[in-house]
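A short write-up of the structure that comes next.
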Amino acid sequence: MSNDANQSNELAKAFEPLAIEKKLSQIWAEKDINVLEIKADQENFCIQLPPPNVTGTLHMGHAFNQTIMDSLTRHARMQGQNALWVPGTDHAGIATQIVVERQLDAQGISRHDLGRETFLNKVWEWKEKSGSTITSQIKRLGASIDWSKEYFTMDPSMSEAVVEVFVTLYEQGLIYRGKRLVNWDPVLGTAVSDLEVESLEEAGSMWHIRYPLADGSGHLTVATTRPETMLGDLAVMVHPEDERYQHLIGKKVVLPLCDREIPIIADDYVDPAFGTGVVKVTPAHDFNDYAVGQRHQLTPMSILTLDAKINDNAPLTYQGMDRFEARKKIVKDLDSLGLLEKVVDHKLMVPRGDRTRTIIEPMLTDQWFVAMSTPTPFNQYKPGESIASAALLAVTEGDIKLVPENWTSTYSQWLENIQDWCISRQLWWGHQIPAWFLDDGTFVVARNEEAAYEKARAQGYLGSLRRDDDVLDTWFSSALVPFSSLGWPNKTELLERFLPSTVLVTGFDIIFFWVARMVMMTCHFTGKVPFQDVYVHGLVRDAEGQKMSKSKGNTLDPIDLIDGISLEDLLEKRTQNLMNPKQAESISKKTTKEFPQGIPSFGTDALRFTFASMATLGRNINFDLNRCEGYRNFCNKLWNATRFVLMNCNGNDEDNGFAKCLGDCGPEGYLDFSPADRWIVSQLQRVEADIDRAYKEYRFDLISSSIYQFVWDEYCDWYLELAKVQLQQGSPASQRATRRTLLRVLETILRLAHPIIPFITEELWQTVAPKAGKSLQDCPKQSIALQAYPISQPSKIDEASELWVKKLKSLVDACRNLRGEMQIPPSQKVPLLIQGPTDFLVLVKPYLMSLGKLSDIQIDTTGQLIDAKSAQAPVVIVDDIRLLLEVEIDVEAEKTRIRKEMVRLESEIKKSYGKLSNESFVSKAPPEVLSQEQNRMAEFKSKLARLSDQWDKLSHN
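Quick note on numbering: the sequence shown equals residues -18 to 938 in the working numbering.
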């Protein structure tokens, strides 16, 4: 990977992420850095990329999810594992067909004008031209994917697996065709899954309709939000214990407008407190009513066509009318007959299709289903268990672990109450169902048309066959991904090595639709679980915790955060395609206020670091751009720290101490490591152990905070400052040891942080590694991505040096606090009087002089000098050490300052006391909040006591 820029002894003055990302992305691709090279003696790591829709573009959820996956993959690869991240895209049946149909509509052409074959050719043309947008965007994130393993769910090999699974399940009696109630989108003309239905609270009405009793003795009033469906009523229903209606159970009412008598039935489903306590039963147009109809042997009667018009099962006067036009006429007719008792406003949940926004209609149609709860001997994972129960056991018995664990109950509850899975869709784009119909309406299921004819001929049928027009639900093929993407039904090395995969990273919103179905199918067909762990993360929301949506105008594009975007372009992006001018104006104002200068370029590493830092277990991510800016600053800090190290280690000694034996150490040796050198190495071991533990627990927030704190606080803010002193004042052996420590710790930091921030760490490592004793010739592809991930060495933990530096830090902080309290400007150096262990103070004196901005340090061996001067200047005690800054002060001005600060502290103590003495606060506050308040009060009291003592000394001076 080396090039002239990488091998230069100097780095550019400023970190320019976009140029580096472009360069390294190209180099990684050319050098096949991410291509899997299987080593037989190494552990295997595998992760499946949740296949994004081929129609999609990268959104914040993708970027977050893929940051986590890439970090895991890079970490595993650096651990020496055979790391495979399997990429793919989903054919997205509904979404893709809509995209192409809209293009045809613009030309005045429908898919029916073209015919199925020609239309599908158009879809493939679109896919080849426009279907790779999201793939290129994923690459912008630095995803270390082996793209040679990429699949598309409509590829021939994937289609082969789909057909094999369908036919096998049918032959096992686990797929059947039947007339059932499904979610139906009248605009798309297809069944849709629950995931494609969004229930929204909308303002509506509740119509109270009188149903006359058949014996003429009165009427029952039924409250409904959908009066048009009454044309398909088969009964009215009351609660069996409702005393108001018990005497009517078993009698009949006349169905208004239809002149049909229907029974009055009793069922526990009825809520007596809702409406009038009388409910209409329309099994063909309501899921709950369908279940009631099954219990009471009511044969459903549909009154709607597939495009949601009234059909010929209804009275002639309403036939052919749109459902909502019919509603208006039905209400009018009821009113004219005196059967409309009243209409009241009512809030209700309205199911709308997420693609068309039309109201979804429960519709009785012929569909294909997978039997979820039928016990079967064919289950290869748990013979005798059903598909669903085997998937449940995979988790409850511990073969699969959900992280965090609380999602296990959610997963289990769904499988325990699962319904048969409707897998057919009335589309043209997708895996066409491998079933062929005979003239009499019966069908044969086969792996191809030739086999279908063989089966038909074996039945004595000599006519032609017509293939089922329906295609399979996209989730059906997605459920097979864990094994179909690895070559199944063929026996391949990838399948043998990488099933089960190590971990699946996914949002909680598709646990049911994808995760559980992958477990069901993989267990059933392979006898293995699809993955060992499932890391379930939250959803990315805006800074206020609101869901990101175009209608709210609060969406963020991860590519815009990487590259930056002007306000003008951001406004255009957020308001385009909005039909409501007022909504567009509101979004424009909000956006202008939030981003008056647009969004600056943060670069990929800063964005990834932000995502990782916010990856707390199971919580939604409220994305805050301020965090992104903070991590961009971190990258700049790391860049500048590296420049400092390189400038101080270039050309100073031939080998920076790496050629010499480490045994040749000490004051008389080649390398003389100071307590500060040993301290930073010791801290590094602790950080490496913490990060290793966090990776095992999927705590990316802890990984990020460990890296950030160690690099920013310990290495940059402390060790670099201590190293400056050693480089300026130390012996040659000490200087060599310092340079060695600077480089070796920095090189380790880069490897430690690489999985999270790959670009900057690669760029810096190429220059740092050779100077840190790493021979790039030992690495054929010369990339940090293929280096060993740091492993903690407990033997290098030096508690004595840690205590030494801890004490030094306390002294520096004490000096800084004294300067702050006495309002001494940073530019003014002042002398320090100090009393304590002389040997220690002599050693720390040069560090304290530099970091405390002191002009001189006088060690008071007896303490008499400090005692004499303590009346005029504050004394700070650190363990067994006393410090005093020797400065001339204006006594009266100092007394005034101290008194003002004492008044402030007394006020703060009073506030804290008020909180801590409030029983309501103490009982409700989280433990960490309570502890924080107690610590604040203790700190205020300590400061007040110190200032009070100083006040007394100044007053008696």
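All C-beta atoms in this analysis are idealised placements derived from N, C-alpha and C, irrespective of residue type, glycine included. Fair warning: this is a prediction, and the values are worked out from it, not measured in the lab.
DSSP-derived helix/strand/coil call for Cys239: coil
Which residues does DSSP pair with Lys160 in a beta bridge? Asp347
Cβ-Cβ distance between Phe133 and His93 below 8 angstroms: no
Please list the terminal residues of the continuous alpha helix (DSSP H) segment that includes Gln716. 713 to 734
Assess, as a yes-or-no matter, whether the segment 270 to 290 is touched by the segment 229 to 242 under the definition of 3 or more beta carbon pairs within less than 8 angstroms. no
Determine the DSSP secondary structure at Glu678, reduced to helix, strand or coil. coil
Close-in-space but distant-in-sequence residues of the same chain around Gly444 (CB under 6 angstroms, 5 per side omitted): Asp420
Helix, strand or coil: how does DSSP classify Thr36 here? coil
Jot down the residue ranges of each uninterrupted alpha helix (DSSP H) in the segment 369 to 417, minimum 4 residues, whole runs only, in chain order. 388 to 397
Assign Ala416 to buried or exposed, taking buried as 16 or more other Cβ atoms, counted over all protein chains shown, within 10 Å of its Cβ. buried
Whole angstroms is fine: what's the gap from Gly154's alpha carbon to Val325's? 49 angstroms
Determine the DSSP secondary structure at Cys642, reduced to helix, strand or coil. Confidence at Cys642 is low in this model, with a pLDDT of 48, below 50, so its placement is unreliable and the value that follows should be read with caution. In the structure shown, Cys642 sits in coil (DSSP, three-state: anything other than H, G, I, E or B).
Beta-carbon gap between Val273 and Asp248 smaller than 8 angstroms: yes
Classification of Ser(-11) by the beta-carbon crowding that lies within 10 angstroms, buried from 16 upward: Note that Ser(-11) scores a pLDDT of 43, beneath 50, so its modelled location is shaky and nothing firm can be said.
Between Pro(-7) and Arg121, what straight-line distance do the alpha-carbon atoms span, to the nearest angstrom? What sits at residue -7 in the sequence shown is Ala, not Pro. Ala(-7) and Arg121: Cα-Cα distance of roughly 22 angstroms.
For Asn558, count neighbouring C-beta atoms within 10 Å of its own C-beta (all shown protein chains included) and say buried if the count is 16 or more, exposed if not. exposed
Would you say the segment 306 to 325 touches the segment 186 to 201, given that touching needs at least three Cβ pairs under 8 angstroms? yes
Whole-Å CB distance - Phe(-4) paired with Ile492, under 8 angstroms assumed: Phe(-4) to Ile492, Cβ: 40 angstroms. No contact.
Measure the alpha-carbon distance for Asn294 versus Met282 and round it to whole angstroms. 8 angstroms
Taking the alpha-carbon of Ser655 as reference, which of Thr719, Leu150, Asn269, Ser111 has the nearest alpha-carbon? Thr719
How about Ser712 and Asp653: are their beta carbons less than 8 angstroms apart? yes
Excluding five sequence neighbours on each side, which residues of the same chain lie with their C-beta closer than 6 angstroms to the C-beta of Glu2? Thr585, Phe740
Tell me whether Gly545 counts as near the ligand NAP, meaning its Cβ is closer than 7 angstroms to at least one heavy atom of that ligand. No copy of the ligand NAP appears in this structure; indeed no ligand is present at all.
In three-state DSSP terms, what is Arg336? coil
Hey, how far is the Cα of Ala(-14) from the Cα of Pro775? Any answer about Ala(-14) is weak, because its pLDDT of 37 lies below 50 and its placement is not dependable; what the coordinates show is given next. In a straight line, the C-alpha of Ala(-14) is about 37 angstroms away from that of Pro775.
In angstroms with no decimal places, state the Cα-to-Cα distance between Asp175 and Asn164. 7 angstroms
Which listed residue (Ser904, Arg885, Ala852, Ile75) has its alpha carbon closest to that of Lys922: Arg885
Same chain only: Cβ atoms within 8 angstroms of Glu430, ignoring 5 sequence neighbours per side: Trp417, Leu446, Arg448
Let's test the definition: count the other Cβ atoms within 10 Å of the Cβ of Ile311 and tell me whether it reaches 16, buried, or not, exposed. buried
Which listed residue (Trp395, Pro385, Pro364) has its alpha carbon closest to that of Leu373: Trp395
Member of Ala670, Gly545, Ile126 whose CA lies at the smallest distance from the CA of Pro(-2): Gly545
For Lys528, which residues from the same chain have a beta carbon less than 7 angstroms from its beta carbon, with the 5 sequence-adjacent residues on both sides left out? Arg522
For Ile230, which of helix, strand or coil comes out of DSSP? coil
Are there three or more Cβ pairs, one per stretch, closer than 8 angstroms when the segment 18 to 33 is compared with the segment 478 to 496? yes
Kindly give me the distance between the Cβ atoms of Ala753 and Arg725, rounded to whole angstroms, as I take these residues to be in contact under 8 angstroms. 5 angstroms
For a test of the three-state rule: what should DSSP assign to Lys705, helix, strand or coil? helix
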